[in-house]
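Everything below concerns the one structure shown next.
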Amino acid sequence: MTSATAPAPARAAGAGEPTGPAGLAGLAGDGGPGGIFDELSKREVRRAALTAVAVPGYQVPFGSREMPVARGWGSGGLQVTLALAGPDDRLKVIDQGEDAGVNAANLRRLITGEVGAEEVTDTRAATVVQSRHRIPETRMRAGQVLVLQVPVPEPLRAVESDMTEQRRMHAEADYAKIWVSLYEDLVRNGVITQAAGYPCLVNGRYVISPTPIPRFDVPKLDGADHLTLFGAGREKRIYAVPPHTRVEPLAFDDVPFQVEHTPGAACAHCGGDGTYLVEEPAADGSVRWLCSDTDFCSRNRPEGDEQ
Amino acid sequence: MTATAVTAAALSVEGLGKIYGDPGPASLPGTGPAHGTPISPATGAVVACWDVSFHVAPGEALGVIGESGSGKSTVLRCVAGDERATAGTARLADGADVLSLDDTARRRLRVDRLSVVYQDPAAGLDLDISAGGNVAERLTAAGWRDFGRIRARAAELLERTEVPLERMDHVVRDFSGGMRQRVQIAKALANDPPVLLLDEPTTGLDASVAAGVLDLLRGLLEELGVAAVVVSHDFAVVEALTRRVVVMQHGRIVEAGLTDQLLEDPQHPYSQRLVAAARG
């Protein structure tokens, strides 16, 4: 279980600061450019999101607008959050589980500058959480909304390149080719190697790609109390897992679904071994493990651990 | 044709027709063997096949023979659901007319009720996945969810079609033409379909490999009790696999009969020419 893109410099920048909103405001600077998303566009996103909630797992097309971030860098999640959040909201944005990541800080500044929401890092205090790669370790509760920035929404893309055929397969719930890809994975590697975007059947009907969260976070979607909205800006799709919806990772009866786990690994700060851990290499070649979710970790550290 | 006879057949095709172009009755006069063309002089439409009827009982194999362009493959594609027929019915054992089903229902039939083996293995296989994976696709489509059982069933089928088991996990693209065809046959048989359609199953193969595949098919057809339709331009294939045969020319059936009788004593001039050509 590794994460090659865990941004070590960003962690170092956040390390000396208190992790509260004031410290983050210093990092992020003032609000970004205003007027980046007009009301009609917001309405369109809301309509797509409502459809997505009504048909769990169905990818709803929407007119993805140009955003002041590159497509594929969170433009979909950004549009969903901009359409959803208002001045009364408390917004948390994470990248790889980290509030202080460069991408997370910039998106948070952009959104709060536009809609006037309050910045928070505590998952428990947030009303809207925008995330890339993770679902927070703290169980989200009813009323909270998780917005995921999705790079590749189509679970069939790896097995079928023809978009017309992909739509037909969704319409007929014809997912044999995904099962074959799992079969091939098992035959070639002896284990299921697909980590992010593990195919899941939502509400017994549509298969989704819960990208880009790791397999570790997939069980958190099943029967969740919160609403999860997936926004794919480049691919112009929005889909949803409403609260209390069945989300079943596709798995053979005799090869149970398993989440990532490294025996013996525990967070160097909080000592937790039940969280999603990332590997941090040191200069001398050794590695240590750290919680990917910095907010959760900081609340579980022993007294005096300021790192 | 009585109702009981219809239900006894695994596949009953009645009055099947396919017209490319104006599908109206004006396209029919002036086409067919009597006029020496399938193209309508009035509308320019191509009457690829018309008024084609045949019945296949469980465990029986029927040959459909004719030269290129005679409409035999069109008949097969219409029954298989790759094309929409203009007229006629095609009923399976339960009496339901598959030609009237929507595309979704027709694709479902292909999972476990009606399989096709194409001339080109690439048409029936995904060349970039393993031989076992290709068979697994049919099994998972039919709801199989146990990895061990899927493996065992795929191995059983590949063994039956004489694909070496050590090659079960190799991608099909690395296989020879004959081996690909054997994998395609294994996939087609995955869910024990009652009806099997074979479109020129050995045409792309060299003579010795074709003979091997033919031997295999003959054994399987005898053993499985499947109702088979074998479309071919090659009398040797039809002779090896089938007891009954229909001869097609310019989109119409010109003669039907027992395969060995028709080969010995063809009545229609076109059949006589075909047999003469095959006998050298």
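So the protein lines, in turn, are chains A and B. Take 1309 as the starting number for the first sequence in the working numbering and just add one per residue. Take 37 as the starting number for the second sequence in the working numbering and just add one per residue. Backbone N, C-alpha and C define an ideal beta-carbon position, used for all residues, glycine too. Keep in mind that this is a model prediction, so the values were computed, not measured.
Can you give the Cα-Cα distance for residue i and residue j, rounded to whole angstroms?
{"i": "B:E173", "j": "B:L98", "result": "28 angstroms"}
{"i": "A:D1407", "j": "A:L1585", "result": "16 angstroms"}
{"i": "A:G1572", "j": "A:D1403", "result": "26 angstroms"}
{"i": "A:V1515", "j": "A:E1473", "result": "15 angstroms"}
{"i": "B:V267", "j": "B:L112", "result": "8 angstroms"}
{"i": "A:V1458", "j": "B:G117", "result": "37 angstroms"}
{"i": "A:F1538", "j": "A:Q1387", "result": "11 angstroms"}
{"i": "A:G1394", "j": "A:G1382", "result": "19 angstroms"}
{"i": "B:A272", "j": "B:A314", "result": "8 angstroms"}
{"i": "B:A46", "j": "B:V283", "result": "21 angstroms"}
{"i": "B:P94", "j": "B:A129", "result": "9 angstroms"}
{"i": "A:R1496", "j": "B:I101", "result": "43 angstroms"}
{"i": "B:L277", "j": "A:W1487", "result": "35 angstroms"}
{"i": "A:N1608", "j": "A:G1371", "result": "42 angstroms"}
{"i": "A:V1467", "j": "B:G53", "result": "36 angstroms"}
{"i": "B:L234", "j": "B:S109", "result": "10 angstroms"}
{"i": "A:E1543", "j": "A:G1385", "result": "12 angstroms"}
{"i": "B:R309", "j": "A:S1517", "result": "59 angstroms"}
{"i": "B:P157", "j": "B:V290", "result": "30 angstroms"}
{"i": "A:D1470", "j": "A:V1368", "result": "18 angstroms"}
{"i": "B:R280", "j": "A:P1463", "result": "47 angstroms"}
{"i": "B:P305", "j": "B:V49", "result": "25 angstroms"}
{"i": "B:L366", "j": "B:T239", "result": "There is simply no residue 366 of chain B to check, as chain B begins at 37 and stops at 316 in what is shown."}
{"i": "A:A1481", "j": "A:Y1547", "result": "16 angstroms"}
{"i": "B:W180", "j": "B:G168", "result": "14 angstroms"}
{"i": "A:V1361", "j": "A:V1549", "result": "7 angstroms"}
{"i": "B:V231", "j": "B:D162", "result": "22 angstroms"}
{"i": "B:R187", "j": "B:R218", "result": "17 angstroms"}
{"i": "B:M215", "j": "B:T176", "result": "23 angstroms"}
{"i": "A:E1511", "j": "A:T1359", "result": "With the sequence shown as reference, residue 1511 of chain A is identified as Asn, and Glu is not the correct amino acid for it. Cα-Cα distance, rounded: 15 angstroms."}
{"i": "B:D133", "j": "B:V115", "result": "10 angstroms"}
{"i": "A:A1357", "j": "A:D1581", "result": "36 angstroms"}
{"i": "B:V311", "j": "A:D1493", "result": "51 angstroms"}
{"i": "B:P61", "j": "B:P69", "result": "17 angstroms"}
{"i": "B:T38", "j": "B:A263", "result": "The predicted model places B:T38 with a pLDDT of 44, which falls under 50 and marks its position as unreliable, so this point remains unresolved."}
{"i": "B:G51", "j": "B:I221", "result": "29 angstroms"}
{"i": "A:S1606", "j": "A:R1475", "result": "44 angstroms"}
{"i": "A:V1453", "j": "A:Y1483", "result": "29 angstroms"}
Which residues of chain A have a Cβ atom closer than 9 angstroms to the Cβ of residue i, listed in chain order?
{"i": "B:A81", "result": "Chain A residues near B:A81: none, gap ~28 angstroms exceeds 9 angstroms."}
{"i": "B:R143", "result": "R1476, E1480 and D1482"}
Give the interface partners of residue i over in chain A, defined as CB-CB distance under 7 angstroms, in chain order.
{"i": "B:T140", "result": "E1480"}
{"i": "B:S166", "result": "E1492 and V1495"}
Give me the chain B residues within the contact set of residue i, using Cβ-Cβ distance strictly less than 9 angstroms, ordered along the chain.
{"i": "A:V1510", "result": "The premise fails here: A:V1510 is roughly 18 angstroms from chain B at the closest Cβ pair, so nothing lies under 9 angstroms."}
{"i": "A:A1484", "result": "V147, A172, E173, R174, L175, T176, A177 and A178"}
Can you say whether residue i is buried or exposed, counting buried as having 16 or more other CB atoms within 10 angstroms of its CB?
{"i": "A:C1599", "result": "buried"}
{"i": "A:T1570", "result": "exposed"}
{"i": "B:G255", "result": "exposed"}
{"i": "B:R209", "result": "exposed"}
{"i": "A:G1365", "result": "buried"}
{"i": "B:T140", "result": "exposed"}
{"i": "B:P200", "result": "exposed"}
{"i": "B:G124", "result": "buried"}
{"i": "A:L1348", "result": "exposed"}
So residue i is in the beta strand (DSSP E); what residue range does that whole segment cover?
{"i": "A:P1557", "result": "V1555 to P1557"}
{"i": "B:H91", "result": "V82 to V92"}
{"i": "A:F1538", "result": "L1535 to A1540"}
Note the first and the last residue of the continuous alpha helix (DSSP H) segment covering residue i.
{"i": "B:L225", "result": "Per DSSP, B:L225 belongs to no alpha helix (DSSP H) and is neither H nor E."}
{"i": "B:A177", "result": "A167 to A177"}
{"i": "B:L98", "result": "Premise fails: B:L98 lies in the beta strand (DSSP E), A97 to I101, not in any alpha helix (DSSP H)."}
{"i": "A:W1487", "result": "A1484 to N1497"}
{"i": "B:Y306", "result": "P305 to R315"}
{"i": "A:M1471", "result": "M1471 to A1479"}
{"i": "A:K1400", "result": "Premise fails: A:K1400 lies in the beta strand (DSSP E), R1398 to D1403, not in any alpha helix (DSSP H)."}
{"i": "A:T1519", "result": "A:T1519 -> no alpha helix (DSSP H), and no H or E assigned at all."}
{"i": "B:G293", "result": "From DSSP, B:G293 is part of no alpha helix (DSSP H) but of the beta strand (DSSP E) over R288 to L294."}
{"i": "B:T140", "result": "D139 to D148"}
{"i": "A:T1389", "result": "S1383 to L1392"}
{"i": "A:C1575", "result": "That residue, A:C1575, is in no alpha helix (DSSP H); it is neither H nor E in DSSP."}
Item to complete: Could you list the residues in the segment 170-189 of chain B with a C-beta less than 7 angstroms from some C-beta on chain A, going in chain order?
Response: A172, E173, T176, A177, R181, D182, F183, G184 and I186
Worksheet item: Going along the chain, which residues of the segment 202-215 of chain B sit with their C-beta nearer than 7 angstroms to a C-beta in chain A?
Response: D205
Practice prompt. Using a Cβ-Cβ cut-off of less than 9 angstroms, list which residues of the segment 1487-1502 of chain A approach chain B; keep chain order.
Written response: W1487, V1488, S1489, L1490, Y1491, E1492, L1494, V1495 and R1496
Item to complete: Below 8 angstroms between beta carbons is the criterion; list the residues of the segment 1554-1568 of chain A that meet it against any residue of chain B, in chain order.
Response: F1560, D1561, D1562 and V1563
Worksheet item: When you check each C-beta in the segment 96-128 of chain B against every C-beta of chain A, which residues fall closer than 9 angstroms?
Response: none
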